[in-house]
Amino acid sequence: MAKDYYKILGLSKSASQDEIKSAYHKLAHKHHPDKAGGEEAKFKEINEAYSVLSDPDKRKRYDSFGAAFSSGNARGFNSASWNFEDFPFTANGNAADFGDFGDIFEEFFGFGQPKKKTTTGRGKDIVVDAEISLEEAYSGINKHLILNKYAPCERCNGKGMEPGSSLSTCKTCQGRGGLERVEQTFFGTFTRLTNCPNCHGRGEVPEKVCTTCRGEGRIKRSIKIDVQIPAGVDDGETLKVQGSGETGKYGLQSGDLFLNIHVKPHALFQRKGNDLWIKAEISFPQAVFGAKIDVPMINGEIKLNVPSGTGGGKVFRISGRGMPYGYGRSRNNAAAKGDAYVVISIKIPHSISKKTQKLLEELEGEL
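First residue of the sequence shown? That's 65 in my numbering, and the numbers climb one at a time after it.
In structure tokens, the structure reads:
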């Protein structure tokens, strides 16, 4: 039998929104299951009626298709008893705004935009910047940080209770850590589990709350932390240190620490991926006759054999003398490195002696 939502709230079909709201609050207060003499079935029925009549669009559809609207609600979502033209959709096919019930609609039927999930009490993530040299990026470094963040309370060791006190079973949730929340919609009845507001999901409460953190198990203070920056890290990369963010409330999960790496520009080397490029200057005679020159590398110095007739712009590849492929980027193994590339430039003097000029003029015809 179709339900008469107006009769349930004790109203006429001409009732205003203010009258509907007033009637709902009065009846909900009277029949709430937690009240003496409260009746859960009646309370659900009142909520069902209010969820429809308080919404102008739903009320309009109910007034037009009352029997179908009611029977569809009684059986849950039944496509045979619903006309999808009665549902408000946007142009892209997403469900229009259903208020609180829109979340349920989206969760069970996949309509609407995804919503960010949050965990009440979880510690916040922390993002910090760390500047290092290219040499430190090559070898890796243990970075010392001082963070002003929520950390475990030192008085209660993060337990939220006074030293010497103990924990007892939460009377609100009977130790389950959560409470069932029943929601009545025109799609049916849904039950959700929420954190107990008394024990905050722990199932236990302290007999005496810590006087320093007031039961949260955390306080704001300066913390020293060492973060190992691995060899081969590149400029602009972000390292994640799980659980090193702010401590969560009431023993819940801590946030994470994100370290943004900034590698300072180097006076000699230019980094391209895991390869290093460096310029080496030679004199004109060295270019003509060849020479062995000292070239600095990121991890020492090498002797580079420059053959005779080497021109400016010539590039020499030195295998394995670049940056490490560590930090999960190894081509073959963790010890692999990129290469070094030496770009030759020829030094041209700004001024020369008359003797040198004469010698060059004599050589010009032979070169």
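We put the CB at the ideal spot given by N, CA and C, even for glycine.
Quantities reported herein were computed from a predicted structural model and do not represent experimental measurements.
Cα-Cα separation between residue i and residue j, rounded to whole angstroms
i, j, result
"L321", "K85", "47 Å"
"N212", "G309", "10 Å"
"H208", "L303", "14 Å"
"D290", "T276", "27 Å"
"A215", "L323", "18 Å"
"G386", "K401", "6 Å"
"K419", "I410", "21 Å"
"S118", "Q81", "6 Å"
"P371", "F353", "7 Å"
"L368", "L332", "16 Å"
"S230", "Q306", "30 Å"
"P97", "E103", "5 Å"
"A355", "E365", "16 Å"
Contact under 8 Å by Cβ, residue i with residue j
i, j, result
"I205", "I196", "yes"
"K343", "V407", "yes"
"G375", "A404", "no"
"V246", "T253", "yes"
"K122", "V116", "yes"
"I110", "H95", "yes"
"G319", "D193", "no"
"E218", "C274", "no"
Option in the options with minimal Cα separation from residue i
i, options, result
"L91", "G296, K106, D121, N221", "K106"
"G337", "G187, T253, D298", "D298"
"F380", "P349, E345, G364", "E345"
"T233", "L316, V269, S286", "V269"
"P294", "L340, Y202, S286", "Y202"
"G315", "Q334, G279, P97", "G279"
"E20", "G373, H326, R219", "Residue 20 is absent from the model: the chain starts at 65 and stops at 431."
"D339", "A355, I382, I366", "I382"
"K35", "Q317, G300, T311", "Since the first and last residues shown for the chain are 65 and 431, residue 35 lies out of range."
Environment of residue i [buried if 16+ CB atoms lie within 10 Å]
i, result
"R282", "buried"
"I362", "buried"
"H264", "buried"
"H414", "exposed"
"K288", "exposed"
"G286", "Residue identity differs from the one stated: residue 286 is Ser in this sequence, not Gly. The residue in question, S286, is exposed, as its Cβ has fewer than 16 Cβ neighbours within 10 Å."
"L257", "exposed"
"P388", "buried"
"A100", "exposed"
"G222", "buried"
"V62", "Nothing about residue 62 can be read from this structure; the chain reaches only from 65 to 431."
Closer than 8 Å to chain C by CB, residue i
i, result
"P120", "In summary, chain C is missing from the structure at hand, where a single protein chain is found."
Hey, which unbroken runs of the alpha helix (DSSP H) at 4 residues or more fall wholly within the segment 221-285? none
Complete runs of the alpha helix (DSSP H) confined to the segment 334-405 [at least 4 residues]: 348-353
Complete runs of the beta strand (DSSP E) confined to the segment 284-331 [at least 3 residues]: 302-305, 321-327
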